[in-house]
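A short write-up of the structure that comes next.
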Amino acid sequence: MATSSHKTYINFCISLAKYGRGRVSPNPEVGCAIVADNRIIGHSYHKHFGGPHAEINALLSVKEKDKTLLPKSTIYISLEPCNHWGKTGPCTQAILDYGIPHVVFGCYDPNPLMSGKSVEFLQSQGIKVTGPVNETECLQSCKPFVVNQQDKRPYVILKWAESMDGFVSAKGQRTKISNTFSDILVHRWRSEVDAIAVGRNTFFTDLPELTTRLVPGKNPRPIVFSNHPEDRNLLNDTGKSKFSLSIDFSQGKIVNIRQLLQNIYAEGLGILLVEGGPKTIQTFINSQLWDEARVIRSPLLLHTGVAAPALKGKLSKKIKLSGDEINIIRPI
0 MATSSHKTYI NFCISLAKYG RGRVSPNPEV GCAIVADNRI IGHSYHKHFG GPHAEINALL
60 SVKEKDKTLL PKSTIYISLE PCNHWGKTGP CTQAILDYGI PHVVFGCYDP NPLMSGKSVE
120 FLQSQGIKVT GPVNETECLQ SCKPFVVNQQ DKRPYVILKW AESMDGFVSA KGQRTKISNT
180 FSDILVHRWR SEVDAIAVGR NTFFTDLPEL TTRLVPGKNP RPIVFSNHPE DRNLLNDTGK
240 SKFSLSIDFS QGKIVNIRQL LQNIYAEGLG ILLVEGGPKT IQTFINSQLW DEARVIRSPL
300 LLHTGVAAPA LKGKLSKKIK LSGDEINIIR PI
């Protein structure tokens with residue numbers, strides 16, 4: 000049974016997991032803490048894709064003087080530990096090797112082929128296992144991974160900026176909507192995703208750089224949606240085209256968005272930020288294949304222009320940023 004202390008330590012693991020954001024996809028964000036005698040003797044998180052998992056990093060963080068406490072410790076993990084060989088060894092085996100007798104986990108592995116297998120293995124080895132604990136919060140903390148595993152597509156974030164009266168730009172011209180502080184926030188968002196997509200019209204009208212130049216961090220892989228074969232070298236800046244997809248969003252054209260997203264996921268891209276114009280974004284909305292929308296609303300009034308996408312969802316968070324209002328919206 001989950002105690003209040005179990006919930007407290009799992010919440011701590013969730014907070015640790017966030018430090019891996021932007022560096023671990025398509026792996027999940029995971030945090031881990033090791034507790035003995037009501038004291039945290041080790042803690043860490045999954046730091047980068049291909050590197051040691053949170054459990055290994057936490058075990059390695061235990062100081063020499065505290066290693067004698069491991070045989071009576073409890074290891075807390077926001078996600079069920081892995082029990083298979085991938086880029087690293089199974090964390091379940093590491094838990095056994097370090098002699099930890101009790102495992103508390105936040106949520107089951109969302110991969111249907113793996114879910115519960117680690118729990119069964121650990122229990123078969125005489126390890127006490129408690130969980131899931133704070134399951135809803137833990138699933139939310141690794142939601143992109145949940146979508147990846149269950150739908151075999153990237154987690155889709157829609158983003159646009161609109162005026163107070165509901166326009167994204169003046170007709171046929173680039174229009175500055177959001178303020179400088181919102182621009183910096185958007186660049187941080189870009190650093191946390193694997194790919195960023197725009198439509199052909201947005202690419203030629205706004206000439207976006209699709210980079211994270213305002214903040215430290217990696218640049219996402221740029222994608223331009225287009226049905227023009229000559230556009231395949233639009234993003235060719237190194238002698239090798241980064242343009243990977245061609246799709247027609249013209250009115251009346253049937254677009255298989257699910258197949259498109261599965262193709263993107265097959266490229267190892269787990270989180271997709273769609274910054275395209277309203278036509279591109281509306282296509283994703285109408286297909287009901289989006290997971291989060293980040294809408295920046297400016298106090299600016301345009302009175303006329305290109306209308307913002309029409310979206311129905313539930314507001315999960317609102318941020319005020321020097322006059323701009325950022326609304327985080329999720330599907331109903």
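FYI, numbering that gives the first Met the number 0 numbers position 282 of the sequence shown as 281, with every residue one higher than the one before it. Here a beta-carbon is modelled for each residue, glycine too, at the ideal position from N, C-alpha and C. In this text the structure is predicted, and so the values were computed from the model without any measurement.
**Asked** What does DSSP give as the partner residues of histidine 101 in its beta bridges?
**Response** Stepping through the sequence shown from its first residue, residue 101 is reached at position 102. Thr73, Lys127, per the DSSP bridge assignment.
**Item:** Minimum C-alpha distance to valine 223 - residue among Leu213, Pro215, Glu208, Cys90
**Value:** Stepping through the sequence shown from its first residue, residue 223 is reached at position 224. Nearest C-alpha to valine 223: Glu208.
**Opposing strand residues paired with proline 221 [DSSP bridges]** = Mapped onto the sequence shown, residue 221 falls at position 222. Beta-bridge pairing by DSSP links proline 221 to Ile195.
**Length of the line joining the Cα atoms of isoleucine 284 and isoleucine 156** = Your numbering for residue 284 matches position 285 in the sequence shown. Your numbering for residue 156 matches position 157 in the sequence shown. Going by the C-alpha atoms only, they are around 11 Å apart.
**Request:** State the beta-bridge partners of lysine 317 as determined by DSSP.
**Result:** Taking the first residue of the sequence shown as position 1, residue 317 is located at position 318. In DSSP, lysine 317 forms a bridge with Asn326.
**Request:** Grab me the residues of alanine 194's own chain with a C-beta within less than 6 Å of its C-beta, minus the 5 sequence neighbours each way, in chain order.
**Result:** As a position in the sequence shown, residue 194 is number 195, starting the count at 1. The beta carbon of alanine 194 sits closer than 6 Å to those of Pro219, Arg220, Ile222, Leu268, Leu271, all from its chain and outside the five residues before and after it, given in chain order.
**Asked** Between the stretch 26-41 and the stretch 73-81, do at least 3 Cβ pairs fall closer than 8 Å?
**Response** yes
**Prompt:** For glutamate 291, which beta-bridge partners are listed by DSSP?
**Reply:** The sequence position of residue 291 within the sequence shown is 292, counting from 1. Answer is Ile156.
**Request:** Could you check which residue in Ala93, Asn82, Lys217 has the C-alpha nearest to that of arginine 22?
**Result:** Walking along the sequence shown from the start, residue 22 turns up at place 23. Of the listed residues, the one whose Cα sits closest to arginine 22 is Lys217.
**Message:** Quick check on this structure: which residue in Ala265, Gly130, Ser24, Ser177 has the alpha carbon closest to the alpha carbon of lysine 151?
**Reply:** For the purposes of this step, residue 151 is taken as the residue at position 152 of the sequence shown. Comparing Cα positions, the closest option is Ala265.
**Message:** Just verifying my parser: in three-state terms, what is the DSSP assignment at lysine 311?
**Reply:** In the sequence shown, residue 311 corresponds to position 312, counting from 1. Coil, per DSSP.
**Request:** Give the straight-line distance between the Cα atoms of glutamine 148 and threonine 303, rounded to the nearest whole angstrom.
**Result:** Position 149 of the sequence shown, counting from 1, holds the residue named residue 148. Position 304 of the sequence shown, counting from 1, holds the residue named residue 303. Answer to the nearest angstrom: the Cα atoms are 43 Å apart.
**Request:** Determine the burial state of serine 4: buried for a count of at least 16 other Cβ atoms within 10 Å of its Cβ, exposed for fewer.
**Result:** Start at 1 with the first residue of the sequence shown, and residue 4 comes out as number 5. Under the 10 Å beta carbon count, serine 4 is surrounded by fewer than 16 other beta carbons and is classified as exposed.
**Message:** Please report the distance separating the alpha-carbon of leucine 59 from that of isoleucine 263.
**Reply:** By 1-based counting over the sequence shown, the position of residue 59 is 60. By 1-based counting over the sequence shown, the position of residue 263 is 264. One C-alpha to the other measures close to 35 Å.
**Message:** My assumption, with CB atoms under 8 Å, is that glycine 322 sits in contact with asparagine 133. Please give the rounded CB distance.
**Reply:** Along the sequence shown, one-based indexing puts residue 322 at 323. Along the sequence shown, one-based indexing puts residue 133 at 134. About 36 Å; that fails the 8 Å criterion.
**Item:** DSSP three-state assignment for phenylalanine 166, whether helix, strand or coil
**Value:** Locating residue 166 in the sequence shown gives position 167, where the first residue counts as 1. Note: phenylalanine 166 maps to strand in three-state DSSP.
**Item:** Proximity of proline 277 and proline 298 at Cβ, strictly below 7 Å
**Value:** Counting from 1 along the sequence shown, the entry for residue 277 is found at position 278. Counting from 1 along the sequence shown, the entry for residue 298 is found at position 299. The answer is no: Cβ separation not under 7 Å.
**Asked** In whole angstroms, what separates the C-alpha of asparagine 326 from that of tryptophan 289?
**Response** Mapped onto the sequence shown, residue 326 falls at position 327. Mapped onto the sequence shown, residue 289 falls at position 290. Asparagine 326 and tryptophan 289: Cα-Cα distance of roughly 15 Å.
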